[in-house]
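Each remark here refers to the structure printed beneath this line.
Number of protein chains: 2
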Amino acid sequence: MKYSVVVVDDHMLLSQAIGGLVDAFDQFEVLYLCKNGQELIQQFKNNKNIPDVVLMDVNMPILNGIETTAHLKEHFPDVKVLALSIEEDEMTILKMLRAGAKGYLMKDVKKAELQEALLEVIENGYFHTNTIAKILVDSLRPKEGSVANLKEREIEFIQHACTEKTYREIADIMCLSPKTIEGYRDVLFDKLNLRNRTGLVIYAIKNKIFKP
Amino acid sequence: MKYSVVVVDDHMLLSQAIGGLVDAFDQFEVLYLCKNGQELIQQFKNNKNIPDVVLMDVNMPILNGIETTAHLKEHFPDVKVLALSIEEDEMTILKMLRAGAKGYLMKDVKKAELQEALLEVIENGYFHTNTIAKILVDSLRPKEGSVANLKEREIEFIQHACTEKTYREIADIMCLSPKTIEGYRDVLFDKLNLRNRTGLVIYAIKNKIFKP
DNA sequence: TAAATAAAGGGGGTAAACCCCTATTCCTCT
DNA sequence: AGAGGAATAGGGGTTTACCCCCTTTATTTA
Chain A
68 MKYSVVVVDD
78 HMLLSQAIGG
88 LVDAFDQFEV
98 LYLCKNGQEL
108 IQQFKNNKNI
118 PDVVLMDVNM
128 PILNGIETTA
138 HLKEHFPDVK
148 VLALSIEEDE
158 MTILKMLRAG
168 AKGYLMKDVK
178 KAELQEALLE
188 VIENGYFHTN
198 TIAKILVDSL
208 RPKEGSVANL
218 KEREIEFIQH
228 ACTEKTYREI
238 ADIMCLSPKT
248 IEGYRDVLFD
258 KLNLRNRTGL
268 VIYAIKNKIF
278 KP
Chain B
68 MKYSVVVVDD
78 HMLLSQAIGG
88 LVDAFDQFEV
98 LYLCKNGQEL
108 IQQFKNNKNI
118 PDVVLMDVNM
128 PILNGIETTA
138 HLKEHFPDVK
148 VLALSIEEDE
158 MTILKMLRAG
168 AKGYLMKDVK
178 KAELQEALLE
188 VIENGYFHTN
198 TIAKILVDSL
208 RPKEGSVANL
218 KEREIEFIQH
228 ACTEKTYREI
238 ADIMCLSPKT
248 IEGYRDVLFD
258 KLNLRNRTGL
268 VIYAIKNKIF
278 KP
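In order, the protein sequence lines correspond to chains A and B. Per the numbering used here, the first sequence starts with residue 68, numbered consecutively. Per the numbering used here, the second sequence starts with residue 68, numbered consecutively.
Shown next, in the form of structure tokens:
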């Protein structure tokens with residue numbers, strides 16, 4: 068009796084390569100491959116070919132891994148999602164786990180580790196490496212300079228600050244006074260130990276608050 | 068008679084997956100896998116196990132795909148490098164081809180296309196998709212706003228501008244007058260149709276002139 | 001209930017960035 | 001030989017960003 072798996076990755080070669088690898092595992096068979104989340108959800112619509120596990124990339128066009136995982140958790144809660152991505156930043160990992168992923172693997176794992184992860188997810192419902200566990204613990208008490216310390220409005224301001232807009236323009240958009248915007252800036256410079264707006268932009272991109 | 072291939076990629080799972088895929092092609096066999104350029108060059112040192120083709124990723128630690136390809140071209144010119152990467156920006160592709168790669172595939176190709184590319188590289192010495200050919204043609208006459216239009220000193224300035232340094236500090240480092248730095252800035256704003264320094268930073272990151 | 005914190009906003013001043021124009025020297029091209 | 005372009009640099013002015021301090025109102029916490 069083999070467990071069924073579906074691979075979702077926008078890079079066709081990676082889907083085919085990883086699919087071939089998993090299909091070679093004794094206890095697993097790959098049903099089909101998908102290029103993005105939308106394609107997967109389309110496959111699920113006829114309520115056929117629903118796998119036990121989905122190997123999910125994160126960065127995909129149309130419907131990304133986070134959105135897709137959240138959708139599956141709501142509509143197909145028995146399907147277990149195992150994230151498999153190159154992205155290693157905390158924010159992405161936490162978003163993926165919050166969306167409902169049962170585990171998160173980076174693509175630098177070995178073939179044997181992938182097999183173990185698949186089995187663990189089937190048998191115990193989840194698989195968390197040491198790395199992921201540490202990130203989870205850290206998210207309980209975010210350290211200084213962490214994105215987790217930022218308020219929603221601060222993040223909104225930062226996203227605007229990563230554009231060519233002046234503070235006056237940003238104030239208009241956020242329905243605040245320019246003086247309030249300056250206050251936001253000052254608080255952020257202090258929280259994140261930054262010197263100026265350029266530093267803020269670099270920080271935002273590094274931490275995926277803004278995507279150029 | 069099978070042609071020999073080596074896969075170089077820092078993501079172990081991808082190496083193993085793609086290696087398995089290629090090993091299944093009739094005319095090819097995978098000798099071994101490497102995690103980075105340094106490991107590959109180490110394998111070549113004893114002049115054994117030198118393959119016909121190397122499937123090379125670009126972003127790798129210690130010795131990246133560009134550096135490694137340039138090294139192979141000089142010391143092992145009979146070895147054909149076929150780039151295989153997620154990176155799709157022109158600058159990276161052109162750097163890889165200039166370093167001596169015989170072809171550049173994105174990871175969204177199909178398994179069959181990879182096989183065809185490998186065969187073409189063996190038989191004709193190179194394999195260039197339509198996409199790559201267009202990038203090469205465009206590099207002959209770079210369009211407005213293109214990175215190819217930038218002088219070496221301008222790029223150097225941009226890299227400094229992507230830090231928290233003031234123009235005075237950048238001037239000191241580049242041994243120029245602050246007024247000259249302002250001149251650089253003005254020319255760049257004009258060339259790239261930008262409004263301010265924040266715009267320049269975003270442009271630089273998008274075009275891989277600066278990596279956060 | 002009172003104190004502390006959060007959210008928003010103000011004053012005043014300095015530093016830096018931006019904008020537009022001009023100039024000199026050296027190198028390249030016709 | 002002379003014209004044109006590249007690289008570097010200056011003047012002067014305006015706009016924007018930064019810095020530090022203070023205030024009010026609403027919400028949260030002890």
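Built from N, CA and C at the ideal position, the CB exists for glycine as well.
Output needed for residue 128 of chain B: all residues of its chain with C-beta closer than 7 angstroms, excluding positions within five of it in sequence on either side, in chain order.
One-based indexing of the second sequence puts residue 128 of chain B at position 61. For residue 128 of chain B, where only same-chain residues beyond five positions count, the Cβ hits under 7 angstroms are 77 and 103.
Please state the DSSP three-state secondary structure of residue 206 of chain A.
On the first sequence, position 139 is the one that residue 206 of chain A refers to. Under the three-state reduction of DSSP output, residue 206 of chain A falls in the helix class.
Mind pulling the chain B residues with CB within less than 8 angstroms of residue 29 of chain A?
Outside the modelled stretch of chain A, which goes from 68 to 279, sits residue 29 of chain A, for which no answer is possible.
Quick one: list the residues of chain A neighbouring residue 230 of chain B, beta-carbon separation under 9 angstroms, in chain order.
Start at 1 with the first residue of the second sequence, and residue 230 of chain B comes out as number 163. Within chain A, the residues near residue 230 of chain B are 265, 266 and 269.
Can you tell me whether residue 224 of chain B is helix, strand or coil according to DSSP?
Against the second sequence, residue 224 of chain B aligns to sequence position 157. Three-state DSSP puts residue 224 of chain B in a helix.
Of the residues A/238, A/230 and A/258, the one placed nearest residue 272 of chain A, counting alpha carbons only
Stepping through the first sequence from its first residue, residue 272 of chain A is reached at position 205. Of the candidates A/238, A/230 and A/258, the one whose C-alpha sits nearest the C-alpha of residue 272 of chain A is A/230.
Between residue 194 of chain A and residue 170 of chain A, which are expected to be in contact by the criterion C-beta below 8 angstroms, what is the C-beta distance as a whole number of angstroms?
The residue labelled residue 194 of chain A in the question sits at position 127 within the first sequence. The residue labelled residue 170 of chain A in the question sits at position 103 within the first sequence. So it is a contact: roughly 4 angstroms between Cβ atoms.
Can you check whether the C-beta of residue 153 of chain A is within less than 8 angstroms of a C-beta belonging to chain B?
The residue you call residue 153 of chain A lines up with position 86 of the first sequence. Interface residue, yes.
Is residue 288 of chain B close to chain A, meaning its C-beta is less than 8 angstroms from at least one C-beta of that chain?
Given that chain B is displayed from residue 68 to residue 279, the structure contains no residue 288 of chain B and the question cannot be resolved.
Kindly indicate which residue of A/176, A/183, A/119 and A/146 has the alpha-carbon position closest to the one of residue 69 of chain A.
For the purposes of this step, residue 69 of chain A is taken as residue 2 along the first sequence, with counting starting at 1. In terms of Cα proximity to residue 69 of chain A, the closest of A/176, A/183, A/119 and A/146 is A/119.
Quick check on residue 131 of chain B: buried or exposed, where buried means 16 or more other Cβ atoms within 10 Å of its Cβ?
In the second sequence, the residue the question calls residue 131 of chain B occupies position 64. The residue in question, residue 131 of chain B, is buried, as its Cβ has 16 or more Cβ neighbours within 10 Å.
Burial state of residue 121 of chain A (16 or more Cβ within 10 Å)
Position 54 of the first sequence, counted from the start, is the residue given in the question as residue 121 of chain A. Residue 121 of chain A is buried by the Cβ-count criterion.
Round the Cβ separation of residue 184 of chain A and residue 163 of chain A to the nearest angstrom and send it over; I've been treating them as touching at under 8 angstroms.
Working through the first sequence from its first residue, we reach residue 184 of chain A at position 117. Working through the first sequence from its first residue, we reach residue 163 of chain A at position 96. Not quite, the Cβ-Cβ distance comes to about 14 angstroms (not below 8 angstroms), so this is no contact.
Partners in chain B for residue 77 of chain A, counting only beta-carbon separations shorter than 7 angstroms:
As a position in the first sequence, residue 77 of chain A is number 10, starting the count at 1. Residues of chain B passing the Cβ test: 175.
Any idea if residue 94 of chain A is buried or exposed, counting beta-carbon neighbours within 10 angstroms, 16 or more meaning buried?
Position 27 of the first sequence, counting from 1, holds the residue named residue 94 of chain A. Burial is judged here by how many other beta carbons sit within 10 angstroms of a residue's own beta carbon; residue 94 of chain A has fewer than 16 and is exposed.
Is residue 79 of chain A near residue 176 of chain B, with beta carbons less than 8 angstroms apart?
Position 12 of the first sequence, counted from the start, is the residue given in the question as residue 79 of chain A. Position 109 of the second sequence, counted from the start, is the residue given in the question as residue 176 of chain B. Yes, these two residues count as a Cβ contact at 8 angstroms.
Could you please give me the residues that DSSP links to residue 148 of chain A through a beta bridge?
Within the first sequence, residue 148 of chain A is the residue found at index 81, counting from 1. According to the DSSP secondary-structure assignment, residue 148 of chain A is paired through a beta bridge with A/121.
Are the C-beta of residue 240 of chain A and some C-beta of chain B separated by less than 8 angstroms?
Locating residue 240 of chain A in the first sequence gives position 173, where the first residue counts as 1. Any Cβ of chain B closer than 8 angstroms to the Cβ of residue 240 of chain A would place that residue at the interface, and such an atom is absent.
What would DSSP say about residue 82 of chain A, mapped onto helix, strand or coil?
Your numbering for residue 82 of chain A matches position 15 in the first sequence. Here residue 82 of chain A carries a helix assignment [DSSP, helix/strand/coil].
Among the residues of its own chain, which have a CB less than 7 angstroms from the CB of residue 270 of chain B, if the five just before and after it don't count?
Position 203 of the second sequence, counted from the first residue, corresponds to residue 270 of chain B. Scanning its chain for C-beta atoms nearer than 7 angstroms, with the 5 sequence neighbours on each side dropped, one finds around residue 270 of chain B the residues 259 and 261, in chain order.
Could you check whether the Cβ of residue 262 of chain B sits closer than 8 angstroms to any Cβ belonging to chain A?
In the second sequence, counting from the first residue as 1, residue 262 of chain B sits at position 195. At least one beta carbon of chain A lies nearer than 8 angstroms to the beta carbon of residue 262 of chain B.
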